[in-house]
Amino acid sequence: MFKGSIVALVTPFKNNKMDEDKYISLIHHHIKNGTKGIVPAGTTGESPTLNHDEHKKVIEIAVKECKGKIPVIAGAGSNSTEEAVELSQHAEKSGSDALLIVTPYYNKPTQEGLYQHYKSINDKVGIPIIIYNIPPRSVIDMSVDTMARLFELKNIVGVKDATADLSRVDKQLKKMGPEFIQLSGEDATALEFNMRGGVGCISVTANVAAKLCSDFQEASLSKNNSNLMSKAKQINEKLMPLHKALFIESNPSPVKYGLSLLGLCSDEVRLPLVKITEKTKKEVQKALKFANLL
-14 MFKGSIVALV
-4 TPFKNNKMDE
6 DKYISLIHHH
16 IKNGTKGIVP
26 AGTTGESPTL
36 NHDEHKKVIE
46 IAVKECKGKI
56 PVIAGAGSNS
66 TEEAVELSQH
76 AEKSGSDALL
86 IVTPYYNKPT
96 QEGLYQHYKS
106 INDKVGIPII
116 IYNIPPRSVI
126 DMSVDTMARL
136 FELKNIVGVK
146 DATADLSRVD
156 KQLKKMGPEF
166 IQLSGEDATA
176 LEFNMRGGVG
186 CISVTANVAA
196 KLCSDFQEAS
206 LSKNNSNLMS
216 KAKQINEKLM
226 PLHKALFIES
236 NPSPVKYGLS
246 LLGLCSDEVR
256 LPLVKITEKT
266 KKEVQKALKF
276 ANLL
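So for the sequence shown, the working numbering puts the first residue at -14; every next one is plus one.
Here it is as structure tokens:
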């Protein structure tokens, strides 16, 4: 159910308010272009600066617009376990298909603290939970052994791996087996991630390259078809400058600028994020042109 190109969807703003019309149009843009899942209220959706009402609203809208078409994996993490439980229960009640729960940032819990955090959420919801392991943002790294313990719980089904350590795919596959869903959180390494046993990517680039990312994932998951693997490699080369350009400055400022060039939403972000520099704008423009998107 959770595989292929899954977009970490931006939250469009207009005069510092959520732009609901643009948000809805973005969702339908992804459905039309083959995206296999939507992640609302994730890092790319600027969840740290969404208030609770906005956080809940972006999930509710995504569920309403995606219902019966593609799954919604709701961002519901927090560095407060109580808050993460409350957001998770709301996402489930709203009709989300799964939860994406980031490792608690700033607190720096031990591996046992991580286990208990996820277990508390697991015990109070009834939908699948995907662990979001992203040491660069949360400071902590969930070990493979802790993931294996969590995988024994009823709702823990997989991981969004943003460690940038491709050896983790092999270790996690060996420890948990192929039933443990491994999704890349790094667009630039998604090809090798899938070749090692991954089944998709929760993608930033898919915001501006929905069809290309969808085609890439479909081709790269056909490991026994040499023609499709060749196609995956060609698309990957086409997208690589874009993967890099979208992270020159803090995500999602570059990707929102890219979306503005495509007429899909404004490049407005919330402080402490700011719009990208002229130098970075040129790199994003160049990468979009290289991918024949502009």
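Virtual Cβ for every residue (Gly too), placed ideally from N, Cα, C. From a predicted model like this one, the values you see are computed outputs, not experimental measurements.
Could you compute how far the alpha carbon of residue i sits from the alpha carbon of residue j?
| i | j | result |
| --- | --- | --- |
| Val184 | Asn140 | 19 angstroms |
| Glu268 | Ser105 | 44 angstroms |
| Gln320 | Asn0 | The first residue shown for the chain is -14 and the last is 279, placing residue 320 beyond what the model contains. |
| Gln96 | Glu171 | 23 angstroms |
| Val43 | Thr34 | 13 angstroms |
| Gln219 | Cys198 | 12 angstroms |
| Phe(-2) | Ala191 | 19 angstroms |
| Glu39 | Leu72 | 12 angstroms |
| Ala230 | Pro239 | 7 angstroms |
| Thr174 | Leu213 | 18 angstroms |
| Val154 | Gln101 | 24 angstroms |
| Phe165 | Phe136 | 8 angstroms |
| Ile86 | Asn18 | 26 angstroms |
| His37 | Asn107 | 21 angstroms |
| Ala272 | Tyr8 | 24 angstroms |
| Ser10 | Arg134 | 40 angstroms |
| Arg255 | Asn209 | 45 angstroms |
Round the Cβ separation of residue i and residue j to the nearest angstrom and send it over; I've been treating them as touching at under 8 angstroms.
| i | j | result |
| --- | --- | --- |
| Ala26 | Ile58 | The pair is not a contact, with the Cβ atoms about 10 angstroms apart (cut-off 8 angstroms). |
| Lys280 | Leu168 | Examination of residue 280 is not possible in this model, given that the chain is present from -14 through 279 alone. |
| Ala194 | Leu224 | 6 angstroms |
| Ile12 | Glu50 | 4 angstroms |
| Leu176 | Ala217 | 6 angstroms |
| Val189 | Thr29 | 5 angstroms |
| Pro89 | Ser123 | 7 angstroms |
| Leu151 | Thr131 | At roughly 19 angstroms, the Cβ-Cβ gap does not stay under 8 angstroms, so Leu151 and Thr131 are not in contact. |
| Ile187 | Ala(-7) | 5 angstroms |
Residues bridged to residue i by DSSP?
| i | result |
| --- | --- |
| Leu118 | What sits at residue 118 in the sequence shown is Asn, not Leu. Asp146, per the DSSP bridge assignment. |
| Ile58 | Ala83 |
| Ser(-10) | Cys186 |
| Ser169 | Asp146 and Cys186 |
| Ile141 | Ile114 |
| Lys159 | None, per the DSSP bridge assignment. |
| Lys264 | Lys264 is not bridged to any residue. |
| Lys(-1) | Lys2 |
Worksheet item: Is the region 227 to 234 in contact with the region 256 to 266, if contact means three or more CB pairs nearer than 8 angstroms?
Response: yes
Discussion item. Check whether the region -6 to 10 and the region 243 to 263 are in contact - that is, three or more C-beta pairs closer than 8 angstroms.
Written reply: yes
Worksheet item: If you pair each beta-carbon of the region 163 to 183 with each one of the region 205 to 216, do three or more pairs fall below 8 angstroms?
Response: yes
Fill in: the region 52 to 71 touching the region 17 to 26, judged by at least three CB pairs closer than 8 angstroms
Taking one beta carbon from each stretch, the region 52 to 71 and the region 17 to 26 have 3 or more pairs nearer than 8 angstroms; the two touch.
Worksheet item: What runs of the beta strand (DSSP E), each 3 residues or longer, lie entirely inside the region 18 to 42?
Response: 22 to 24
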